[in-house]
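In the numbering used here, the protein residues as written are 10 to 240. Quick reminder that beta carbons are idealized off the backbone N, C-alpha and C, glycines included. One structure is given below, encoded as C-alpha cells.
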C-alpha cells in the first residue's frame with residue numbers, strides 16, 4: 010500500500026511535469042509537434058526512473074518470516090503491553106501482523122471456564138487459530154497466560170514455527186500492578202482458581218526468549234523478541 014501510494018504521487022508529479030514542459034516549450038517555440046514530443050520524452054524518462062525507484066523499494070522492503078510469537082506469563086506481567094508494542098513494530102515496517110489476546114478471544118468463541126481442563130481447551134483453541142493464520146503466511150502474536158507446559162508443547166506441535174516468549178515477572182510485582190483488580194479478588198477468595206494465587210503457573214523450561222520486565226523496558230523487550238523472530 011505504501012509503495013502504491015508512492016507510485017501514484019510520482020505519476021501525478023511526472024504527468025504534471027510533462028504538461029508543464031509542453032506548455033513552456035510551445036509558448037517559446039510555437040511548434041506543436043516538437044513540444045508534444047519533448048513532453049512525451051519527459052514523461053517517458055520520469056516513468057522509467059520512477060519504475061526503477063519502485064523496484065529498489067520493493068527489494069529493500071522488510072519481509073517478515075511467518076511465525077507464532079507466543080507470549081506466556083502471569084496476569085499483570087506485561088504480556089499484552091509487549092504484544093501491542095511488537096504489533097506496532099511490525100506495522101511500522103509495513104508487515105501485516107495479527108494479535109490474538111486470550112481475554113479478547115473469550116468474548117468471541119464459545120465460553121470456557123477457568124478450571125484446568127477448560128483452560129487447556131481454551132489455550133488449544135487459540136493455538137489452533139494461530140496455526141491456521143500462520144499457515145497462510147501471517148505473523149501471529151499471541152498473548153496468553155497459558156500456565157501448563159504440556160498445553161504449550163501441544164500448541165507448538167500445531168505450528169510450523171513457534172517463538173515461545175516467557176514474560177518473567179515476580180508474582181509480587183504482578184500483585185502490585187494488578188491493573189484489573191483481579192489479584193485482590195483472588196486473594197480475598199472472590200475469584201477461584203486464579204493463576205499464581207490459587208492455581209499453578211508452570212514457567213517454560215526452554216523458551217526461545219525470556220524477557221524480565223523488572224530489568225527490561227517495553228522497547229528492550231520488543232527488540233529482543235523481534236530479533237529472535239527474524240534471525
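Candidates the options: closest to residue i by CA position
| i | options | result |
| --- | --- | --- |
| residue 175 | 143, 134, 189, 222 | 222 |
| residue 211 | 173, 155, 178 | 155 |
| residue 53 | 79, 26, 217, 214 | 26 |
| residue 260 | 239, 201, 231, 125 | With the chain covering 10 to 240 only, the question about residue 260 has no answer from this structure. |
| residue 161 | 185, 39, 237, 129 | 129 |
| residue 215 | 84, 126, 165, 191 | 165 |
| residue 189 | 84, 71, 42 | 84 |
| residue 153 | 134, 58, 142 | 134 |
| residue 23 | 40, 99, 200, 57 | 57 |
| residue 213 | 38, 105, 157, 44 | 157 |
| residue 217 | 208, 200, 238 | 238 |
| residue 208 | 44, 180, 115 | 180 |
| residue 125 | 202, 145, 228 | 202 |
| residue 59 | 40, 36, 21, 116 | 21 |
Local Cβ density within 10 Å of residue i, reported as buried at 16 or more and exposed below that
| i | result |
| --- | --- |
| residue 159 | exposed |
| residue 234 | buried |
| residue 220 | buried |
| residue 50 | exposed |
| residue 28 | exposed |
| residue 69 | The predicted position of residue 69 is uncertain, since its pLDDT is 47 and thus under 50; a value taken from the coordinates is nonetheless stated next. Result: exposed. |
| residue 2 | Because the chain here runs from 10 to 240, residue 2 falls outside it and cannot be looked at. |
| residue 99 | buried |
| residue 79 | buried |
| residue 101 | exposed |
| residue 197 | exposed |
| residue 141 | exposed |
| residue 143 | buried |
| residue 91 | buried |
| residue 224 | exposed |
| residue 173 | buried |
| residue 38 | exposed |
| residue 191 | buried |
Rounded Cβ spacing between residue i and residue j (contact assumed at less than 8 angstroms)
| i | j | result |
| --- | --- | --- |
| residue 82 | residue 178 | 6 angstroms |
| residue 139 | residue 151 | 5 angstroms |
| residue 195 | residue 206 | 4 angstroms |
| residue 106 | residue 96 | 5 angstroms |
Neighbourhood of residue i by C-beta, 8 angstroms cutoff - its chain only, sequence neighbours within 5 removed
| i | result |
| --- | --- |
| residue 226 | none |
| residue 47 | 30, 31, 34 |
| residue 93 | 108 |
| residue 187 | 85, 193 |
Residues of its chain near residue i, where Cβ-Cβ distance is below 7 angstroms and the 5 sequence neighbours each way are ignored
| i | result |
| --- | --- |
| residue 86 | 176, 178, 183, 222 |
| residue 55 | 23, 26 |
| residue 204 | 83, 84, 154, 156, 210 |
| residue 41 | 35 |
| residue 146 | 75 |
Check: residue i C-beta below 7 angstroms from any heavy atom of the ligand GDP
| i | result |
| --- | --- |
| residue 107 | This structure does not include the ligand GDP; it has no bound ligands of any sort. |
Within-8 angstroms CB hit, residue i to chain B
| i | result |
| --- | --- |
| residue 234 | Considering every chain present, this structure includes no chain B. It has just one protein chain. |
Own chain residues within Cβ distance below 6 angstroms of residue i, not counting five before or after
| i | result |
| --- | --- |
| residue 171 | 77, 79, 165 |
| residue 185 | none |
| residue 121 | 127, 130, 131 |
| residue 73 | 104, 148 |
| residue 136 | 164, 167 |
Check: Where are the beta strand (DSSP E) runs, 3 residues long or more, that stay fully inside the segment 163-233, in chain order?
Finding: Within the segment 163-233, the complete beta strand (DSSP E) segments of 3 residues or longer fall at 171-177, 218-221, listed in chain order.
Quick check on the DSSP output: what are the complete beta strand (DSSP E) runs of length 3 or more inside the segment 64-152, in order along the chain? Qualifying beta strand (DSSP E) stretches, in chain order: 76-81, 106-110.
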